[in-house]
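Enquirer: My questions will all concern the structure given below.
Number of protein chains: 4
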Amino acid sequence: MKISIKKVVFAIGLATGVVSTSHAGLPDPGMVISKGNTAVVITDPQNDFLSPKGVTWGVVGKSVVANNTVENLDSLFKTAKAVDMPVFVSPHYYYPHDHEWQHEGALEVLMHNIKMFDREDALSLKGFDGSGADWLEQYKPYINDGKTVVTSPHKMYGPDSNDLVLQLRKRGIDKVILAGMSSNLCTESHLRELVEQGFEVQVVSDATAGAILPEMDAYQASLINFRMIAHAVRNTEQTVKQMKAH
Amino acid sequence: MKISIKKVVFAIGLATGVVSTSHAGLPDPGMVISKGNTAVVITDPQNDFLSPKGVTWGVVGKSVVANNTVENLDSLFKTAKAVDMPVFVSPHYYYPHDHEWQHEGALEVLMHNIKMFDREDALSLKGFDGSGADWLEQYKPYINDGKTVVTSPHKMYGPDSNDLVLQLRKRGIDKVILAGMSSNLCTESHLRELVEQGFEVQVVSDATAGAILPEMDAYQASLINFRMIAHAVRNTEQTVKQMKAH
Amino acid sequence: MKISIKKVVFAIGLATGVVSTSHAGLPDPGMVISKGNTAVVITDPQNDFLSPKGVTWGVVGKSVVANNTVENLDSLFKTAKAVDMPVFVSPHYYYPHDHEWQHEGALEVLMHNIKMFDREDALSLKGFDGSGADWLEQYKPYINDGKTVVTSPHKMYGPDSNDLVLQLRKRGIDKVILAGMSSNLCTESHLRELVEQGFEVQVVSDATAGAILPEMDAYQASLINFRMIAHAVRNTEQTVKQMKAH
Amino acid sequence: MKISIKKVVFAIGLATGVVSTSHAGLPDPGMVISKGNTAVVITDPQNDFLSPKGVTWGVVGKSVVANNTVENLDSLFKTAKAVDMPVFVSPHYYYPHDHEWQHEGALEVLMHNIKMFDREDALSLKGFDGSGADWLEQYKPYINDGKTVVTSPHKMYGPDSNDLVLQLRKRGIDKVILAGMSSNLCTESHLRELVEQGFEVQVVSDATAGAILPEMDAYQASLINFRMIAHAVRNTEQTVKQMKAH
Numbered sequence: 001m002k003i004s005i006k007k008v009v010f011a012i013g014l015a016t017g018v019v020s021t022s023h024a025g026l027p028d029p030g031m032v033i034s035k036g037n038t039a040v041v042i043t044d045p046q047n048d049f050l051s052p053k054g055v056t057w058g059v060v061g062k063s064v065v066a067n068n069t070v071e072n073l074d075s076l077f078k079t080a081k082a083v084d085m086p087v088f089v090s091p092h093y094y095y096p097h098d099h100e101w102q103h104e105g106a107l108e109v110l111m112h113n114i115k116m117f118d119r120e121d122a123l124s125l126k127g128f129d130g131s132g133a134d135w136l137e138q139y140k141p142y143i144n145d146g147k148t149v150v151t152s153p154h155k156m157y158g159p160d161s162n163d164l165v166l167q168l169r170k171r172g173i174d175k176v177i178l179a180g181m182s183s184n185l186c187t188e189s190h191l192r193e194l195v196e197q198g199f200e201v202q203v204v205s206d207a208t209a210g211a212i213l214p215e216m217d218a219y220q221a222s223l224i225n226f227r228m229i230a231h232a233v234r235n236t237e238q239t240v241k242q243m244k245a246h
Numbered sequence: 001m002k003i004s005i006k007k008v009v010f011a012i013g014l015a016t017g018v019v020s021t022s023h024a025g026l027p028d029p030g031m032v033i034s035k036g037n038t039a040v041v042i043t044d045p046q047n048d049f050l051s052p053k054g055v056t057w058g059v060v061g062k063s064v065v066a067n068n069t070v071e072n073l074d075s076l077f078k079t080a081k082a083v084d085m086p087v088f089v090s091p092h093y094y095y096p097h098d099h100e101w102q103h104e105g106a107l108e109v110l111m112h113n114i115k116m117f118d119r120e121d122a123l124s125l126k127g128f129d130g131s132g133a134d135w136l137e138q139y140k141p142y143i144n145d146g147k148t149v150v151t152s153p154h155k156m157y158g159p160d161s162n163d164l165v166l167q168l169r170k171r172g173i174d175k176v177i178l179a180g181m182s183s184n185l186c187t188e189s190h191l192r193e194l195v196e197q198g199f200e201v202q203v204v205s206d207a208t209a210g211a212i213l214p215e216m217d218a219y220q221a222s223l224i225n226f227r228m229i230a231h232a233v234r235n236t237e238q239t240v241k242q243m244k245a246h
Numbered sequence: 001m002k003i004s005i006k007k008v009v010f011a012i013g014l015a016t017g018v019v020s021t022s023h024a025g026l027p028d029p030g031m032v033i034s035k036g037n038t039a040v041v042i043t044d045p046q047n048d049f050l051s052p053k054g055v056t057w058g059v060v061g062k063s064v065v066a067n068n069t070v071e072n073l074d075s076l077f078k079t080a081k082a083v084d085m086p087v088f089v090s091p092h093y094y095y096p097h098d099h100e101w102q103h104e105g106a107l108e109v110l111m112h113n114i115k116m117f118d119r120e121d122a123l124s125l126k127g128f129d130g131s132g133a134d135w136l137e138q139y140k141p142y143i144n145d146g147k148t149v150v151t152s153p154h155k156m157y158g159p160d161s162n163d164l165v166l167q168l169r170k171r172g173i174d175k176v177i178l179a180g181m182s183s184n185l186c187t188e189s190h191l192r193e194l195v196e197q198g199f200e201v202q203v204v205s206d207a208t209a210g211a212i213l214p215e216m217d218a219y220q221a222s223l224i225n226f227r228m229i230a231h232a233v234r235n236t237e238q239t240v241k242q243m244k245a246h
Numbered sequence: 001m002k003i004s005i006k007k008v009v010f011a012i013g014l015a016t017g018v019v020s021t022s023h024a025g026l027p028d029p030g031m032v033i034s035k036g037n038t039a040v041v042i043t044d045p046q047n048d049f050l051s052p053k054g055v056t057w058g059v060v061g062k063s064v065v066a067n068n069t070v071e072n073l074d075s076l077f078k079t080a081k082a083v084d085m086p087v088f089v090s091p092h093y094y095y096p097h098d099h100e101w102q103h104e105g106a107l108e109v110l111m112h113n114i115k116m117f118d119r120e121d122a123l124s125l126k127g128f129d130g131s132g133a134d135w136l137e138q139y140k141p142y143i144n145d146g147k148t149v150v151t152s153p154h155k156m157y158g159p160d161s162n163d164l165v166l167q168l169r170k171r172g173i174d175k176v177i178l179a180g181m182s183s184n185l186c187t188e189s190h191l192r193e194l195v196e197q198g199f200e201v202q203v204v205s206d207a208t209a210g211a212i213l214p215e216m217d218a219y220q221a222s223l224i225n226f227r228m229i230a231h232a233v234r235n236t237e238q239t240v241k242q243m244k245a246h
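Protein chains in written order, with full-length UniProt numbering: chain A, 1 to 246; chain B, 1 to 246; chain C, 1 to 246; chain D, 1 to 246.
In structure tokens, the structure reads:
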């Protein structure tokens with residue numbers, strides 16, 4: 001039994017983050033958002049990715065602006081709070097001892113070189129406020145409302161080295177609406193690990209963004225993988241509608 | 001501190017799998033292959049991906065042929081055996097009970113629909129010989145030589161659900177030369193999990209291949225992620241040279 | 001704030017596997033067995049542990065007999081099938097390449113020395129039937145009924161290196177009734193990993209058994225840890241009653 | 001092939017934490033401490049376990065005193081610093097949102113009831129200094145020397161939900177000298193997870209302690225499991241000698 005290319009032809013509109021589901025040749029399982037076991041998970045909603053003052057704005061800013069990522073993430077936060085859906089944030093911090101690692105992949109080297117997400121110490125908040133590692137200012141009311149669960153920092157790209165999976169399971173969550181920064185790195189590694197752990201995941205295609213470099217459009221790369229791996233890929237408008245209807 | 005786009009401009013040649021390291025704007029940490037703690041890891045060297053009779057040939061065949069993947073994997077196997085470097089194979093099998101899963105991502109649905117990697121049972125070999133789940137015939141002498149470590153099957157895309165990491169660690173391996181099928185799915189999920197586990201990884205850019213669909217070149221997507229996440233991306237010719245020199 | 005010893009005084013009867021819950025000083029959260037999301041998980045229901053011909057009978061036989069473990073496991077299997085509750089079996093196999101590990105803990109050395117759970121190869125069944133690695137004969141109708149999910153083998157003591165957690169999650173299971181062999185090694189490591197993964201776990205205190213050596217009663221040690229770590233510890237009679245009532 | 005009870009007879013002296021290796025019937029693989037790839041890992045060196053003012057002193061104090069745990073841990077810290085061996089600390093913290101978990105095992109309920117390890121927030125140090133969650137005062141010079149790696153908190157008992165394994169691997173560590181609190185819970189779960197991840201582990205039998213309750217000697221239970229699972233169990237005196245000789 002073989003599958004023809006035609007059979008898996010993919011929908012028009014992928015590049016814009018608007019995935020047309022009705023015409024997709026690939027299966028589109030979809031994810032039914034249900035009360036009590038669905039949560040929103042946001043990766044790295046921090047200045048170094050989302051603020052024009054952040055250290056990576058030069059490479060991700062274009063995609064952040066094109067996708068309207070900052071406002072779309074805000075919509076997800078706001079809607080989740082409005083419908084009382086649990087929100088989990090998985091941040092990225094580096095401490096001085098992380099700079100002593102004996103080996104690193106390409107982007108790890110880069111992130112350390114540009115002092116991305118640097119903090120003085122896990123038990124120190126000196127210089128943290130307003131730094132690149134801090135939350136984007138406009139998200140603070142959502143994150144600091146006493147309900148949002150902020151996990152320990154992931155130290156590579158995925159939640160393998162933090163408590164996200166445990167925190168989700170301890171709340172009875174088995175479906176995740178995933179968004180945040182950056183699309184092909186932390187967001188995608190979270191997607192991949194969450195499906196390995198047996199979660200259903202819907203990725204919000206325009207509430208994320210990626211680096212765009214000559215010959216390397218990391219955002220486009222992530223869209224391909226989201227579409228193949230996740231249970232559903234929908235844009236913010238579609239997702240907000242689903243959240244309100246659940 | 002900001003990085004400019006120029007600073008991270010990426011090398012010409014990415015698309016061909018020949019990564020020019022000297023001109024790369026992204027850091028290129030590289031990986032020194034050293035005797036005793038480096039191994040070759042091959043994902044899914046099975047008929048369903050690599051044989052023209054396999055169920056996915058219609059979508060991956062073009063990339064397999066363009067990259068000369070079958071011969072390049074053969075070169076890696078042959079060289080590893082010649083220089084006595086450990087080889088680990090992480091296969092993909094599905095059993096009848098896997099078809100009872102309550103939810104699946106897009107490609108999982110597809111793989112199950114086309115009966116990819118299907119076996120009758122973990123404790124049955126009925127119908128296995130020469131099936132889509134079996135090794136590509138020309139690799140059998142390498143895999144069945146009594147030295148290659150075949151891990152339990154991974155059940156999603158990464159080694160999270162098998163014993164690959166443990167088997168590597170039990171042999172003192174902390175550097176991995178990674179290749180196999182398919183590039184953006186199992187190979188990349190192996191890369192991502194191996195770096196989360198603290199391994200150094202060099203991906204062999206043309207000893208893998210990916211699905212090529214209208215508007216979705218999964219192989220190109222994987223090259224971008226390999227280049228950003230791995231410690232090194234080299235083609236087979238470069239890798240074989242390194243292996244022989246180690 | 002301090003807790004007094006009195007406050008955590010523990011119930012009489014622990015040693016017999018009958019945990020008196022009403023008088024227990026430690027909290028006894030209990031686990032409500034509910035339809036659809038509870039499964040039975042059995043570790044190592046294999047000859048090398050449970051048959052008088054098995055290689056460990058000399059050290060575990062006494063505990064197996066005292067607990068009536070073989071019949072109690074049979075009751076759990078039978079009841080699960082009768083009430084249509086999913087059953088998962090996590091076996092233990094060693095292949096020739098596992099004997100090449102560069103380092104091992106004490107019991108790993110012992111298990112390899114006595115050729116426990118040895119199989120010729122993952123893709124060979126030569127000599128398997130009736131061997132120490134095979135299922136205890138009386139459990140075969142339950143395990144081979146086409147419904148029981150047999151996971152890949154765990155290679156140390158816990159399910160970290162197999163697909164048990166994924167298989168449970170893919171079926172919507174978040175509560176586990178845990179039993180099998182041996183109590184303080186594979187059963188307890190399964191308990192510990194399952195709670196790390198956010199499952200609720202009830203351990204069946206007399207459907208397991210452990211090695212009893214001079215000055216080392218491994219079964220008693222496991223009872224202490226079950227009682228402290230698990231959500232509930234109940235004997236087979238109590239558990240069967242719960243399963244039938246659910 | 002069977003093993004007789006005699007063959008696995010265990011050495012006298014287990015109960016005192018002095019493991020006689022020469023007469024042990026169980027294999028005693030031992031662990032050679034080697035420069036560059038061995039580290040000391042300490043679990044929970046915090047007031048709630050080790051200070052007479054800590055919330056668990058009523059149940060663990062007797063064992064802490066009997067083992068001379070506080071001084072033995074101090075010796076390990078001091079020796080490691082003297083011979084320039086890396087030290088990793090894996091702490092235990094609970095935040096308000098952890099108190100919202102939907103289900104917990106017995107000791108989790110207890111720990112939450114007595115407010116063990118409580119902190120206001122991961123991004124707040126209010127009330128932390130000198131609290132039950134803070135380091136034992138005498139260890140602060142070692143832990144705050146700018147070299148000790150403090151991982152994210154584990155949230156259950158093992159390092160599954162923090163970055164310990166990654167941090168060790170990123171420093172090239174594959175052998176661990178393990179000590180800390182409490183013996184059968186966090187220390188043992190760290191042992192079990194570290195061996196699942198392929199580390200060699202030597203447990204320091206008297207640089208740990210456990211709860212002692214009527215009919216439940218958790219410290220003795222842990223000694224049995226350490227002896228069966230770890231590569232080596234040695235007391236502080238023996239371990240310090242090895243560290244100095246390496």
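Note that the Cβ used here is the ideal one computed from N, Cα and C, for glycine as well.
Would you say L166 (chain B) faces chain D, with C-beta separation under 8 Å as the test?
Expert: Walking along the second sequence from the start, residue 166 (chain B) turns up at place 166. True, the Cβ-Cβ gap to chain D drops below 8 Å.
Enquirer: Which residues of chain A have a Cβ atom closer than 7 Å to the Cβ of K170 (chain C), listed in chain order?
Expert: Counting from 1 along the third sequence, the entry for residue 170 (chain C) is found at position 170. Near K170 (chain C) (Cβ distances below 7 Å), the residues of chain A are G198.
Enquirer: Check whether chain B comes within 8 Å of M228 (chain A), counting only Cβ atoms and requiring the distance to be less than that.
Expert: Residue mapping note: residue 228 (chain A) aligns to position 228 of the first sequence, counting from 1. Judged by the 8 Å Cβ criterion, M228 (chain A) is in contact with chain B.
Enquirer: Which one of B:V203, B:N225, B:F226, B:A211 has the shortest CA to CA distance from E237 (chain B)?
Expert: Numbered from its first residue, the second sequence carries residue 237 (chain B) at position 237. Of B:V203, B:N225, B:F226, B:A211, the residue nearest in Cα terms is B:V203.
Enquirer: For P27 (chain B) and chain A, any beta-carbon pair shorter than 8 Å?
Expert: Looking up residue 27 (chain B) in the second sequence gives position 27. By this cut-off, P27 (chain B) is an interface position.
Enquirer: Compute the beta-carbon to beta-carbon distance between Y139 (chain B) and V87 (chain B), rounded to the nearest angstrom, for a pair I have assumed lies under 8 Å.
Expert: Counting from 1 along the second sequence, the entry for residue 139 (chain B) is found at position 139. Counting from 1 along the second sequence, the entry for residue 87 (chain B) is found at position 87. Going by Cβ atoms, the distance from Y139 (chain B) to V87 (chain B) rounds to 10 Å, so no, they are not a contact pair.
Enquirer: In chain B, which residues lie less than 7 Å from P153 (chain C) when you measure between Cβ atoms?
Expert: Translated into the one-based positions of the third sequence, residue 153 (chain C) becomes position 153. Result: S152.
Enquirer: Let me make sure I understand the geometry here. Which of D:R234, D:L213, D:F199 has the alpha-carbon closest to that of L223 (chain D)?
Expert: Counting from 1 along the fourth sequence, the entry for residue 223 (chain D) is found at position 223. Of the listed residues, the one whose Cα sits closest to L223 (chain D) is D:R234.
Enquirer: Would Q102 (chain B) be called buried (16 or more neighbouring beta carbons within 10 Å of its own) or exposed?
Expert: Locating residue 102 (chain B) in the second sequence gives position 102, counting from the first residue. Exposed.
Enquirer: How should V240 (chain C) be labelled, buried or exposed, when 16 other C-beta atoms within 10 angstroms of its C-beta is the threshold for buried?
Expert: Walking along the third sequence from the start, residue 240 (chain C) turns up at place 240. With 16 or more Cβ atoms within 10 Å of its Cβ, V240 (chain C) is classed as buried.
Enquirer: Look at the Cβ atom of T208 (chain C), then the Cβ atom of A179 (chain C), and state whether they are nearer than 8 Å.
Expert: As a position in the third sequence, residue 208 (chain C) is number 208, starting the count at 1. As a position in the third sequence, residue 179 (chain C) is number 179, starting the count at 1. Yes, the pair counts as a contact, with Cβ atoms nearer than the cut-off.
Enquirer: Any contact between the stretch 189–200 of chain C and the stretch 160–172 of chain A? By contact I mean 3 or more CB pairs, one from each, below 8 Å.
Expert: A contact exists between the stretch 189–200 of chain C and the stretch 160–172 of chain A.
Enquirer: Measure from the C-beta of H246 (chain B) to each C-beta in chain C and report whether the shortest distance is under 8 Å.
Expert: Against the second sequence, residue 246 (chain B) aligns to sequence position 246. False, the Cβ-Cβ gap to chain C never drops below 8 Å.
Enquirer: If you follow the beta strand (DSSP E) that Q202 (chain C) is in, where does it begin and where does it stop?
Expert: Here residue 202 (chain C) is taken as the residue at index 202 of the third sequence, counted from 1. Its beta strand (DSSP E) spans residues 200–209.
Enquirer: Sort C:T79, C:M31, C:A133 by Cα distance to K53 (chain C) and report the nearest one.
Expert: Here residue 53 (chain C) refers to the residue found at position 53 when the third sequence is read from its first residue. Closest by alpha carbon: C:A133.
Enquirer: Under 8 Å between the Cβ atoms of H190 (chain B) and V41 (chain B)?
Expert: Position 190 of the second sequence, counting from 1, holds the residue named residue 190 (chain B). Position 41 of the second sequence, counting from 1, holds the residue named residue 41 (chain B). Against a cut-off of 8 Å, the Cβ pair of V41 (chain B) and H190 (chain B) comes out as a contact.
Enquirer: In the DSSP assignment, what residue or residues form a beta bridge with A39 (chain B)?
Expert: Residue numbering aside, residue 39 (chain B) sits at position 39 when the second sequence is read from its first letter. The partner list for A39 (chain B) (beta bridge, DSSP) reads B:V176.
Enquirer: Short of 8 Å in beta carbon distance, which residues of its chain neighbour residue 334 (chain A), apart from the five on each side in sequence? Order them along the chain.
Expert: Examination of residue 334 (chain A) is not possible in this model, given that chain A is present from 1 through 246 alone.
Enquirer: So is A133 (chain C) in contact with chain D if we call contact Cβ pairs under 8 Å?
Expert: In the third sequence, the residue the question calls residue 133 (chain C) occupies position 133. Not one chain D Cβ lies under 8 Å of A133 (chain C).
Enquirer: Is it the case that the stretch 77–86 of chain A contacts the stretch 211–230 of chain A, given that we only count it when at least three CB pairs across the two stretches are under 8 Å?
Expert: Output reads no: the stretch 77–86 of chain A does not touch the stretch 211–230 of chain A.
Enquirer: Could you run through the stretch 75–99 of chain A and flag, in chain order, every residue whose CB is less than 7 Å away from some CB of chain D?
Expert: If the cut-off is 7 Å between Cβ atoms, the stretch 75–99 of chain A has H97 near chain D.
Enquirer: Counting pairs of Cβ atoms below 8 Å between the stretch 122–129 of chain D and the stretch 56–70 of chain D, do you hit three or more?
Expert: No, the stretch 122–129 of chain D is not in contact with the stretch 56–70 of chain D.
Enquirer: Comparing C-alpha positions only, which one of C:K147, C:V150, C:M181, C:W135 sits nearest to Y157 (chain C)?
Expert: Taking the third sequence and counting its residues from 1, one reaches residue 157 (chain C) at position 157. Checked all of C:K147, C:V150, C:M181, C:W135; the closest Cα to Y157 (chain C) is C:M181.
Enquirer: Please confirm whether N67 (chain D) has its beta-carbon closer than 8 Å to some beta-carbon of chain A.
Expert: Stepping through the fourth sequence from its first residue, residue 67 (chain D) is reached at position 67. It does not: the Cβ of N67 (chain D) has no partner Cβ on chain A nearer than 8 Å.
Enquirer: Against chain A, which members of the stretch 27–43 of chain B pass a CB distance test of less than 9 Å?
Expert: The residues in question are P27, D28, P29, M31.
Enquirer: Assuming contact is defined by CB atoms lying nearer than 8 Å, are N162 (chain D) and S152 (chain D) in contact in what I supplied?
Expert: One-based indexing of the fourth sequence puts residue 162 (chain D) at position 162. One-based indexing of the fourth sequence puts residue 152 (chain D) at position 152. Contact flag set, yes.
Enquirer: Do V89 (chain D) and V150 (chain D) count as a contact pair if the criterion is CB distance below 8 Å?
Expert: Translated into positions along the fourth sequence, residue 150 (chain D) becomes position 150. Translated into positions along the fourth sequence, residue 89 (chain D) becomes position 89. Going by C-beta atoms, V150 (chain D) is nearer than 8 Å to V89 (chain D).
Enquirer: Span of the alpha helix (DSSP H) holding F128 (chain A)?
Expert: Within the first sequence, the letter at position 128 stands for residue 128 (chain A). Here F128 (chain A) belongs to no alpha helix (DSSP H), and DSSP marks it neither H nor E.
Enquirer: List the residues of chain C whose Cβ lies closer than 8 Å to the Cβ of Q238 (chain B), in chain order.
Expert: For the purposes of this step, residue 238 (chain B) is identified with residue 238 of the second sequence, where counting begins at 1. Here the premise fails: no neighbours, minimum Cβ distance about 29 Å.
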